[in-house]
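K.L.:
In our numbering, the protein residues as written are 6 to 298. We put the beta carbon where it would ideally sit given N, CA and C, even for glycine. Keep in mind that this is a model prediction, so the values were computed, not measured. Submitted below is the structure of interest, expressed as structure tokens.
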Ligand SMILES: Cc1cc2nc3c(=O)[nH]c(=O)nc-3n(C[C@H](O)[C@H](O)[C@H](O)COP(=O)(O)OP(=O)(O)OC[C@H]3O[C@@H](n4cnc5c(N)ncnc54)[C@H](O)[C@@H]3O)c2cc1C
């Protein structure tokens, strides 16, 4: 079993990984080889100590080189659920992977797209964040998909293969999918509705020609780069979308730590790397204490 699993490959996750490596711990970091869009998209970084006036691209390349030097590969799978068991964590990914670790560091950043009314309430009851985990449940049914990143377009194609009809709300430019059973809507929905399960998606006004204000759907997929930590980890304490942590980056769940933007403002690289470093050090202390017990 791994000592730690890090969810997220932004500055917080990278910093945690480097510190765990320096302390000889076994771990896996999940995210993307590009690390984080929030690094590569930064035009000019002026406030990171030691790097003045560098582009996000340069910063990203520096972090990638550091990971390579430390022989830390990034597992390019999206974590779909973290389950706190008695004295370990089970981590599942969208690609069907299942991993176990003694501790977890959440470094998943924050999603700038706001949650839709009804989303949290219907999570697991028709609202899904994982195409490959839940897609088959909607075979021959009508579903809606909200997708925030071109990188996730393949998941739309996967769902369209099973579904009878798909209402697609792409929140990114350059959408290239062309399927007969997909209706594209370029308007933000207002509310997910239903009873025991999702039955409809409401828009403030008719979202497109021949498309009604209330779409009848059996399921709603939210394809986002990051999932809200509360949805990712059952029982995790959050406040206004941020993970509640103390100065040791401990969450309310034993062995689960959090770092970076997901713990709250200010959203800054220096805060993220600092918290990632603290979380990794406390993970090491936690593992030593477990050994002594
Ligand atoms: C355009 C722009 C410019 C900025 N400029 C500056 C600046 O000049 N100075 C500054 O200090 N800050 C700046 N920021 C803010 C800075 O980018 C963030 O504070 C920082 O990136 C936070 O790091 P993080 O590691 O917490 O999260 P992120 O950088 O958001 O990284 C999180 C990573 O986790 C991955 N992830 C999320 N969920 C999962 C999952 N379930 N499974 C696997 N991986 C997952 C995401 O894909 C992402 O790669 C800027 C932000 C933007 C958007």
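Where does residue 273 sit, in a helix, a strand or coil, going by DSSP?
P.N.:
Residue state, collapsed to three classes: coil.
K.L.:
For residue 217, which residues from the same chain have a beta carbon less than 8 Å from its beta carbon, with the 5 sequence-adjacent residues on both sides left out?
P.N.:
Only 211 meet the Cβ criterion.
K.L.:
Quick check: residue 93 and residue 292, are their CB atoms within less than 8 Å of each other?
P.N.:
No, the Cβ-Cβ distance between residue 93 and residue 292 is not below 8 Å.
K.L.:
Does DSSP classify residue 207 as helix, strand or coil?
P.N.:
Three-state DSSP puts residue 207 in a strand.
K.L.:
Just to confirm, are residue 58 and residue 68 a CB contact at a threshold of 8 Å?
P.N.:
No.
K.L.:
Name the two residues that bound the continuous alpha helix (DSSP H) containing residue 63.
P.N.:
Where residue 63 is concerned, the enclosing alpha helix (DSSP H) stretches over 61-74.
K.L.:
By the 10 Å Cβ neighbour count, where 16 or more other Cβ atoms means buried, how is residue 245 classified, buried or exposed?
P.N.:
Label assigned to residue 245: exposed.
K.L.:
Please report the straight-line C-alpha distance between residue 167 and residue 101, rounded to a whole angstrom.
P.N.:
Cα-Cα distance, rounded: 18 Å.
K.L.:
Checking the sheet assignment: what are the DSSP bridge partners for residue 243?
P.N.:
Paired residues: 248.
K.L.:
Rounding to the nearest angstrom, what Cα-Cα distance links residue 256 and residue 274 in this structure?
P.N.:
Between residue 256 and residue 274, the C-alpha separation is close to 21 Å.
K.L.:
Nearest CA to the CA of residue 41: which residue from 115, 9 and 96?
P.N.:
The residue with the shortest Cα to Cα distance from residue 41 is 115.
K.L.:
Within the same chain, show all residues whose beta-carbon is closer than 7 Å to that of residue 176, passing over the 5 residues directly before and after it, in chain order.
P.N.:
Answer for residue 176: 118, 151, 152 and 153, listed in chain order.
K.L.:
Is it right to say residue 85 is buried, meaning 16 or more other beta carbons lie within 10 angstroms of its own, or is it exposed?
P.N.:
Residue 85 is buried by the Cβ-count criterion.
K.L.:
Would you mind sorting residue 17 into buried or exposed? The rule is 16 or more other CB atoms within 10 Å of its CB.
P.N.:
Classification of residue 17: buried, given that the 10 Å Cβ count is 16 or more.
K.L.:
Quick one: using the 10 Å Cβ neighbour count with 16 as the cut-off for buried, is residue 254 buried or exposed?
P.N.:
Looking at its Cβ environment, which holds 16 or more other Cβ atoms inside 10 Å, residue 254 is buried.
K.L.:
Is residue 3 helix, strand or coil when you go by DSSP?
P.N.:
In the structure displayed, the chain extends from 6 to 298; residue 3 sits before or after that span and is not available.
K.L.:
Give the DSSP bridge partners of residue 255, in chain order.
P.N.:
DSSP output for residue 255 lists 262 as bridge partner(s).
K.L.:
Give a single yes or no on whether residue 273 has its beta carbon closer than 7 Å to a heavy atom of ligand 1.
P.N.:
Answer for residue 273: yes, Cβ within range of ligand 1.
K.L.:
Strictly by DSSP, which residues pair up with residue 224?
P.N.:
In DSSP, residue 224 forms a bridge with 148.
K.L.:
For the alpha helix (DSSP H) containing residue 24, name the first residue and the last one.
P.N.:
First-last of the alpha helix (DSSP H) with residue 24: 16-27.
K.L.:
Exposed or buried, what is residue 160 when buried is set at 16 or more other beta-carbons lying within 10 Å of its beta-carbon?
P.N.:
Buried is the call here.
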